[in-house]
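Asks: For the protein sequence lines, the chains are A, B, C and D, in the order given.
So the first sequence is numbered by numbering that gives the first Met the number 0: it starts at 0 and just counts up by one.
So the second sequence is numbered by numbering that gives the first Met the number 0: it starts at 0 and just counts up by one.
So the third sequence is numbered by numbering that gives the first Met the number 0: it starts at 0 and just counts up by one.
So the fourth sequence is numbered by numbering that gives the first Met the number 0: it starts at 0 and just counts up by one.
Glycine included, every Cβ here is placed at the ideal spot set by N, Cα and C.
Dropping a structure here in structure tokens format, bear with me for questions.
Number of protein chains: 4
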Amino acid sequence: MAQNHIPHAGAPNRSDRSNGASGSNGTNGKRPPGRPRSEESRQSILRSTLKLLKQDGGFAELSIEAVAADANVGKTTVYRWWPTKAALVADAFSASADDELRFPNTGSVHTDMSLQMRRVIRIFRSKRGKVVAALLAGGQSDPELIEAFRDRFLWPRRKQAYQTLERGIVRGELPVGSDLDLILDSLYGPIYMRFLIRHDKLDESFADEICGLVLKGLKRRSHGRN
Amino acid sequence: MAQNHIPHAGAPNRSDRSNGASGSNGTNGKRPPGRPRSEESRQSILRSTLKLLKQDGGFAELSIEAVAADANVGKTTVYRWWPTKAALVADAFSASADDELRFPNTGSVHTDMSLQMRRVIRIFRSKRGKVVAALLAGGQSDPELIEAFRDRFLWPRRKQAYQTLERGIVRGELPVGSDLDLILDSLYGPIYMRFLIRHDKLDESFADEICGLVLKGLKRRSHGRN
Amino acid sequence: MAQNHIPHAGAPNRSDRSNGASGSNGTNGKRPPGRPRSEESRQSILRSTLKLLKQDGGFAELSIEAVAADANVGKTTVYRWWPTKAALVADAFSASADDELRFPNTGSVHTDMSLQMRRVIRIFRSKRGKVVAALLAGGQSDPELIEAFRDRFLWPRRKQAYQTLERGIVRGELPVGSDLDLILDSLYGPIYMRFLIRHDKLDESFADEICGLVLKGLKRRSHGRN
Amino acid sequence: MAQNHIPHAGAPNRSDRSNGASGSNGTNGKRPPGRPRSEESRQSILRSTLKLLKQDGGFAELSIEAVAADANVGKTTVYRWWPTKAALVADAFSASADDELRFPNTGSVHTDMSLQMRRVIRIFRSKRGKVVAALLAGGQSDPELIEAFRDRFLWPRRKQAYQTLERGIVRGELPVGSDLDLILDSLYGPIYMRFLIRHDKLDESFADEICGLVLKGLKRRSHGRN
DNA sequence: ACTTAACCGAGACGGTACGTCGTGTCTTGCC
DNA sequence: GGCAAGACACGACGTACCGTCTCGGTTAAGT
Numbered sequence: 000m001a002q003n004h005i006p007h008a009g010a011p012n013r014s015d016r017s018n019g020a021s022g023s024n025g026t027n028g029k030r031p032p033g034r035p036r037s038e039e040s041r042q043s044i045l046r047s048t049l050k051l052l053k054q055d056g057g058f059a060e061l062s063i064e065a066v067a068a069d070a071n072v073g074k075t076t077v078y079r080w081w082p083t084k085a086a087l088v089a090d091a092f093s094a095s096a097d098d099e100l101r102f103p104n105t106g107s108v109h110t111d112m113s114l115q116m117r118r119v120i121r122i123f124r125s126k127r128g129k130v131v132a133a134l135l136a137g138g139q140s141d142p143e144l145i146e147a148f149r150d151r152f153l154w155p156r157r158k159q160a161y162q163t164l165e166r167g168i169v170r171g172e173l174p175v176g177s178d179l180d181l182i183l184d185s186l187y188g189p190i191y192m193r194f195l196i197r198h199d200k201l202d203e204s205f206a207d208e209i210c211g212l213v214l215k216g217l218k219r220r221s222h223g224r225n
Numbered sequence: 000m001a002q003n004h005i006p007h008a009g010a011p012n013r014s015d016r017s018n019g020a021s022g023s024n025g026t027n028g029k030r031p032p033g034r035p036r037s038e039e040s041r042q043s044i045l046r047s048t049l050k051l052l053k054q055d056g057g058f059a060e061l062s063i064e065a066v067a068a069d070a071n072v073g074k075t076t077v078y079r080w081w082p083t084k085a086a087l088v089a090d091a092f093s094a095s096a097d098d099e100l101r102f103p104n105t106g107s108v109h110t111d112m113s114l115q116m117r118r119v120i121r122i123f124r125s126k127r128g129k130v131v132a133a134l135l136a137g138g139q140s141d142p143e144l145i146e147a148f149r150d151r152f153l154w155p156r157r158k159q160a161y162q163t164l165e166r167g168i169v170r171g172e173l174p175v176g177s178d179l180d181l182i183l184d185s186l187y188g189p190i191y192m193r194f195l196i197r198h199d200k201l202d203e204s205f206a207d208e209i210c211g212l213v214l215k216g217l218k219r220r221s222h223g224r225n
Numbered sequence: 000m001a002q003n004h005i006p007h008a009g010a011p012n013r014s015d016r017s018n019g020a021s022g023s024n025g026t027n028g029k030r031p032p033g034r035p036r037s038e039e040s041r042q043s044i045l046r047s048t049l050k051l052l053k054q055d056g057g058f059a060e061l062s063i064e065a066v067a068a069d070a071n072v073g074k075t076t077v078y079r080w081w082p083t084k085a086a087l088v089a090d091a092f093s094a095s096a097d098d099e100l101r102f103p104n105t106g107s108v109h110t111d112m113s114l115q116m117r118r119v120i121r122i123f124r125s126k127r128g129k130v131v132a133a134l135l136a137g138g139q140s141d142p143e144l145i146e147a148f149r150d151r152f153l154w155p156r157r158k159q160a161y162q163t164l165e166r167g168i169v170r171g172e173l174p175v176g177s178d179l180d181l182i183l184d185s186l187y188g189p190i191y192m193r194f195l196i197r198h199d200k201l202d203e204s205f206a207d208e209i210c211g212l213v214l215k216g217l218k219r220r221s222h223g224r225n
Numbered sequence: 000m001a002q003n004h005i006p007h008a009g010a011p012n013r014s015d016r017s018n019g020a021s022g023s024n025g026t027n028g029k030r031p032p033g034r035p036r037s038e039e040s041r042q043s044i045l046r047s048t049l050k051l052l053k054q055d056g057g058f059a060e061l062s063i064e065a066v067a068a069d070a071n072v073g074k075t076t077v078y079r080w081w082p083t084k085a086a087l088v089a090d091a092f093s094a095s096a097d098d099e100l101r102f103p104n105t106g107s108v109h110t111d112m113s114l115q116m117r118r119v120i121r122i123f124r125s126k127r128g129k130v131v132a133a134l135l136a137g138g139q140s141d142p143e144l145i146e147a148f149r150d151r152f153l154w155p156r157r158k159q160a161y162q163t164l165e166r167g168i169v170r171g172e173l174p175v176g177s178d179l180d181l182i183l184d185s186l187y188g189p190i191y192m193r194f195l196i197r198h199d200k201l202d203e204s205f206a207d208e209i210c211g212l213v214l215k216g217l218k219r220r221s222h223g224r225n
């Protein structure tokens, strides 16, 4: 029912047979023969993955061996459903990606962005931040992993961000024709940078400072020009 | 200055003995007993480390075994001088961190920053970018590694950046009392973000776009206010 | 009987689980879960161990690395089943300790002993002698190893030897109340000594000479006394 | 002056120059130029070798590294004078071979042999026994080592033993034409066997038992025949 | 006193094997 | 046919010693 893991871009995966629609199986709900996949195992594995990522080290330090042991599950079961460690982590991460990060709509771009950015920072500083860091770290040598981060974390939020910014344009808070991606990277880039390099403190007020620099600048400019 | 590897934060390390010219030496001019460290091996190891980092995958994929083999060196020699893979990579990276990234002084903050940021982007896009990515990735689970990145790469540049920005303040291009760290993170954060997440294209013109957004905003604001 | 490796003197060992036929099994007929041990690997390892012992040097020169490589087996598999090199060699040796050394029953102690001692000498002089030497050499710093030699090689033969000697007593060839262990050590000791120290030639006729000295003496004495 | 290590059968060794007699150096006691060998180091090394052999394991467990460290001596110094571990151990052993094992001359073969065999057993049971065991063990894969044992331990004693036995022949205690080597191996073989295999207790009274079996037999026989 | 030459300690060097851990695959019997 | 259990071949880990080497420093004998 719920498709729970990365499609692996072409890599055949037997769980894909449960996608319905294909073959004589199209309309009727006929299940394939044999014992069905254990939902309990699946969740246990994802739970253990997150747990271990939060505890130990990063992506490299996480071992499938440990996940299987912690989840009381055979290693085979992990490998059966997730072709790589990357896929597993991506799946686990996305299972934990919550709705906390939805954008508000207060009537002010500055407030909307600032509030959401504060929530991002709060998550980065929490235990879940380690999972994000692991994902970004692992993604540096595994394209699938960073792709998973983009698809499951970045893009969903960014779509909402576009809307938020566009509302601001409509309201005249931002200049027409603004490069939305440039604005968003300028807003979030500094957060990621401090999160990953840890060269300076990353607390929630940093969100306001960035907005103050980037958005206020845009506002003035637009005023001055129009 | 001639100190070439991670100080390991307080952990005593035998290579820390000075090998500078006798006489001018701090404590005394005596070389320690025993066969001196092989400079040839040291360089060969660092060279192989960089080479393999550029070739293969990231930090996790690099094996000390392979480095030793490629450098025609005993594994022991690597472990004798670098306590962890992290230290080795940090050292190798810092040996390659060259003067290419010095800040120019054109008389315009915007131009100075933009030119240097372009060079950073050029490096990130080159083979050496893989080394930086490996360092940042590895640093997510190894504090020493990210510290090495900060100490050897980030801070040296940032000190120059402070001077560049302060020249701008003196010239009235930036408001007095600007938060320099905020400005710099706003300028470089977007670059790091696109470099690591790869969600959008990172070419040299991006430097100009960021400067246009961040620095122009500051300029206007200062004009409007003064 | 089907028990093929060193019991490790009390240390629990997973291979000790019975793999005999179901039903007739001692405790219960259940096989433990998981993939069963590969009989092929087991034999290949023991075969390679013997082969290398016969080729190279002694016990010290034998490396587990080489055994694993020669047997086309992972090092792990060797370590899984044999805790030390000693255990492995003992097992390999005992797998090769064959029935060639059974005692005959000709009706004469002198002939029985002499014939068997000749066979011992023949083995000591053959390639298999290197294995025995390795075992005795290794046993000087590993109690388990020498124990294995005693349990698997010495005692089984000695039990038969007791019977042979006792037949001789019954027949009046040896005095009643003879110290059997003293006699046996006097018979075999010289062989071991020449085998290990190699200070004098050890050929099969030496068996007769020893018997001539030790057993003839006993006979006379018994005659003189009775 | 004192030639202290194995001649190494052809392996050139610079310490051999101190053998005197050869070249222009023949008659006069001219020392070669350069710093003379440190007698202190030599003894310290031999002492440490024995100490470690008595403590730890056997020949295989002894490391030159440990010897040098224990003797406060550079590894080079060990290797300069002893080409192999075998040579070192043989030398150390022979330096410790004391005069305790001389044969007495009581006027009775039986008593002479028995007394000396008791002393051998006493040594085998003492700490020094570990050194002998190490030598015999190592000798199984190193011909030089077992040769050293024969040359420095076995033969010197055996020469005395021949004399002892011949005195017995003269006195009529042993038959004329006895095979002395056979007799000696029959006397000592059982001791070596119990010492190395440890299958039965080896105390001093064992010497008497063996003599009782082997020598008494000879005596009777000679009486009966003459 | 100065030179020459060999020894000495210290310890780094290129290697080999160690015994362990994790990988991804496989083979069982049970469900 | 999924599942746990766990053995399998493999490869890298970090360590211990190997035997060799290169240093600065010592210790004489021969000038």
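Under 8 angstroms, do D/E146 and D/T83 count as touching if we go by C-beta distance?
Replies: For this step, residue 146 of chain D is matched to residue 147 along the fourth sequence. For this step, residue 83 of chain D is matched to residue 84 along the fourth sequence. No.
Asks: Is it the case that the segment 153-162 of chain B contacts the segment 202-210 of chain A, given that we only count it when at least three CB pairs across the two stretches are under 8 angstroms?
Replies: At 8 angstroms Cβ cutoff, the stretches do not touch.
Asks: So, under 8 angstroms CB-CB, B/I120 and B/D184 are touching, yes? Tell me the CB distance rounded to an integer number of Å.
Replies: Numbered from 1 along the second sequence, position 121 holds the residue referred to as residue 120 of chain B. Numbered from 1 along the second sequence, position 185 holds the residue referred to as residue 184 of chain B. Contact flag wrong, Cβ pair sits at about 16 angstroms.
Asks: Does the beta-carbon of C/C210 have 16 or more other beta-carbons within 10 angstroms, so that it is buried, or is it exposed?
Replies: Counted from its first residue, the third sequence places residue 210 of chain C at position 211. Per the 10 Å Cβ criterion, buried.
Asks: Would you mind sorting D/Q115 into buried or exposed? The rule is 16 or more other CB atoms within 10 Å of its CB.
Replies: What you label residue 115 of chain D is simply residue 116 of the fourth sequence in a count that begins at 1. Burial call: buried.
Asks: Using a C-beta cutoff of 8 angstroms, does B/M192 count as contacting chain A?
Replies: Within the second sequence, numbered from 1, the residue matching residue 192 of chain B stands at position 193. Yes, because at least one Cβ of chain A sits closer than 8 angstroms to the Cβ of B/M192.
Asks: Among the candidates B/P32, B/L61, B/I196, whose CA atom is the shortest distance from the CA of B/L45?
Replies: Translated into positions along the second sequence, residue 45 of chain B becomes position 46. When only C-alpha atoms are compared, the closest one is B/L61.
Asks: Please list the partners that C/H198 has in chain D, where partner means a Cβ-to-Cβ separation under 7 angstroms.
Replies: Counted from its first residue, the third sequence places residue 198 of chain C at position 199. R149, L153, listed in chain order.
Asks: Establish whether the CB of A/S140 and some CB of chain B are separated by less than 8 angstroms.
Replies: In the first sequence, the residue the question calls residue 140 of chain A occupies position 141. Yes, contact with chain B.
Asks: Measure from the C-beta of B/E208 to each C-beta in chain A and report whether the shortest distance is under 8 angstroms.
Replies: Stepping through the second sequence from its first residue, residue 208 of chain B is reached at position 209. Yes, B/E208 counts as interfacial toward chain A.
Asks: With 16 other CB atoms within 10 Å as the buried threshold, where does A/R124 fall?
Replies: For this step, residue 124 of chain A is matched to residue 125 along the first sequence. Exposed, by the Cβ-count rule.
Asks: Counting only the same chain and skipping the five closest in sequence on each side, list residues whose C-beta sits under 8 angstroms from that of C/S113.
Replies: Locating residue 113 of chain C in the third sequence gives position 114, where the first residue counts as 1. These residues qualify, in order along the chain: A206, D207, C210.
Asks: Could you compute how far the alpha carbon of D/L214 sits from the alpha carbon of D/I190?
Replies: For this step, residue 214 of chain D is matched to residue 215 along the fourth sequence. For this step, residue 190 of chain D is matched to residue 191 along the fourth sequence. C-alpha separation (whole angstroms): 15 angstroms.
Asks: Could you spell out where the alpha helix (DSSP H) holding A/D199 opens and where it closes?
Replies: Taking the first residue of the first sequence as 1, we reach residue 199 of chain A at position 200. Where A/D199 is concerned, there is no enclosing alpha helix (DSSP H), given that its DSSP letter is neither H nor E.
Asks: With a CB to CB cut of under 7 angstroms and the five nearest residues on each side skipped, what residues in its chain are close to C/R296?
Replies: No statement about residue 296 of chain C is possible, as the shown extent of chain C runs from 0 to 225 and does not include it.
Asks: Determine whether the Cβ of D/G33 lies closer than 8 angstroms to any Cβ atom of chain C.
Replies: For the purposes of this step, residue 33 of chain D is taken as residue 34 along the fourth sequence, with counting starting at 1. It does not; no Cβ of chain C falls within 8 angstroms.
Asks: Which residues in chain D sit within 9 angstroms of C/Y187, going by Cβ to Cβ distance?
Replies: Stepping through the third sequence from its first residue, residue 187 of chain C is reached at position 188. Within chain D, the residues near C/Y187 are G188, P189, M192.
Asks: Where does A/L212 fall in DSSP's three states?
Replies: Here residue 212 of chain A refers to the residue found at position 213 when the first sequence is read from its first residue. Reduced to three states, the DSSP call for A/L212 is helix.
Asks: On the DSSP letters alone, give me the boundaries of the alpha helix (DSSP H) that D/R166 sits inside.
Replies: By one-based count along the fourth sequence, residue 166 of chain D stands at place 167. Note, D/R166: alpha helix (DSSP H), 154-169.
Asks: Under 8 angstroms between the Cβ atoms of A/L217 and B/G176?
Replies: Locating residue 217 of chain A in the first sequence gives position 218, where the first residue counts as 1. Locating residue 176 of chain B in the second sequence gives position 177, where the first residue counts as 1. Going by C-beta atoms, A/L217 is not nearer than 8 angstroms to B/G176.
Asks: For B/V72, collect the residues of the same chain with a Cβ closer than 7 angstroms to its Cβ; drop the 5 residues on either side in sequence, then sort them by chain order.
Replies: Counting from 1 along the second sequence, the entry for residue 72 of chain B is found at position 73. Same-chain partners within the cutoff: S40, S43, I44.
Asks: What in chain A is Cβ-close to B/G57, meaning under 7 angstroms?
Replies: Mapped onto the second sequence, residue 57 of chain B falls at position 58. Here the neighbours are Q139, S140.
Asks: Considering only the alpha carbon of each residue, which of B/T110, B/L49, B/P31, B/E165 lies closest to B/G128?
Replies: Counted from its first residue, the second sequence places residue 128 of chain B at position 129. For the residues B/T110, B/L49, B/P31, B/E165, the minimum Cα distance to B/G128 belongs to B/L49.
Asks: I want to see whether chain A comes within less than 8 angstroms of B/E60, judged by CB atoms only; does it?
Replies: Translated into positions along the second sequence, residue 60 of chain B becomes position 61. So, interface residue.
Asks: Classify C/Y78 as buried or exposed, calling it buried when 16 or more other Cβ atoms lie within 10 Å of its own Cβ.
Replies: For the purposes of this step, residue 78 of chain C is taken as the residue at position 79 of the third sequence. Exposed, because fewer than 16 other Cβ atoms sit within 10 Å of the Cβ of C/Y78.
Asks: Interface residues of chain B around A/D202 at Cβ under 8 angstroms?
Replies: Here the question's residue 202 of chain A lines up with position 203 in the first sequence. Neighbours of A/D202 on chain B: none; closest Cβ ~13 angstroms, over 8 angstroms.
Asks: I'd like to know if the segment 163-177 of chain D and the segment 164-173 of chain C are in contact, where contact means that at least 3 CB-CB pairs between them fall below 8 angstroms.
Replies: Short answer: they don't touch.
Asks: DSSP on B/Q42, reduced to helix/strand/coil?
Replies: Locating residue 42 of chain B in the second sequence gives position 43, counting from the first residue. DSSP places B/Q42 in helix when its eight states are reduced to three.
Asks: Taking 8 angstroms as the threshold (beta carbon to beta carbon), is A/V175 in contact with chain B?
Replies: Stepping through the first sequence from its first residue, residue 175 of chain A is reached at position 176. Taking Cβ atoms only, chain B never reaches closer than 8 angstroms to A/V175, which makes this a no.
Asks: Let me see if you follow: with CB-CB separation under 8 angstroms, is D/V213 close to chain C or not?
Replies: Position 214 of the fourth sequence, counted from the start, is the residue given in the question as residue 213 of chain D. Yes - at least one Cβ of chain C is within 8 angstroms of the one on D/V213.
Asks: Assuming contact is defined by CB atoms lying nearer than 8 angstroms, are D/A136 and C/Q54 in contact in what I supplied?
Replies: Against the fourth sequence, residue 136 of chain D aligns to sequence position 137. Against the third sequence, residue 54 of chain C aligns to sequence position 55. For D/A136 and C/Q54, no; Cβs fall outside 8 angstroms.
Asks: Whose Cβ in chain C lies nearer than 8 angstroms to the Cβ of D/L100?
Replies: Taking the fourth sequence and counting its residues from 1, one reaches residue 100 of chain D at position 101. Chain C residues near D/L100: none, gap ~16 angstroms exceeds 8 angstroms.
Asks: So, helix, strand or coil for D/D207, using DSSP?
Replies: For the purposes of this step, residue 207 of chain D is identified with residue 208 of the fourth sequence, where counting begins at 1. Here D/D207 sits in helix by DSSP.
Asks: With H, G and I counted as helix, E and B as strand and the rest as coil, what does DSSP make of B/G73?
Replies: As a position in the second sequence, residue 73 of chain B is number 74, starting the count at 1. B/G73: coil per DSSP, three-state reduction.
Asks: Measuring alpha carbon to alpha carbon, tell me which residue in A/L87, A/G57, A/V108, A/D178 is nearest A/K126.
Replies: In the first sequence, the residue the question calls residue 126 of chain A occupies position 127. When only C-alpha atoms are compared, the closest one is A/G57.
Asks: Tell me, to the nearest whole angstrom, how far the beta carbon of A/A89 is from that of A/R151; I am working on the premise that it is less than 8 angstroms.
Replies: On the first sequence, residue 89 of chain A is found 90 positions in, with the first residue counted as 1. On the first sequence, residue 151 of chain A is found 152 positions in, with the first residue counted as 1. A/A89 to A/R151, Cβ: 7 angstroms. Contact.
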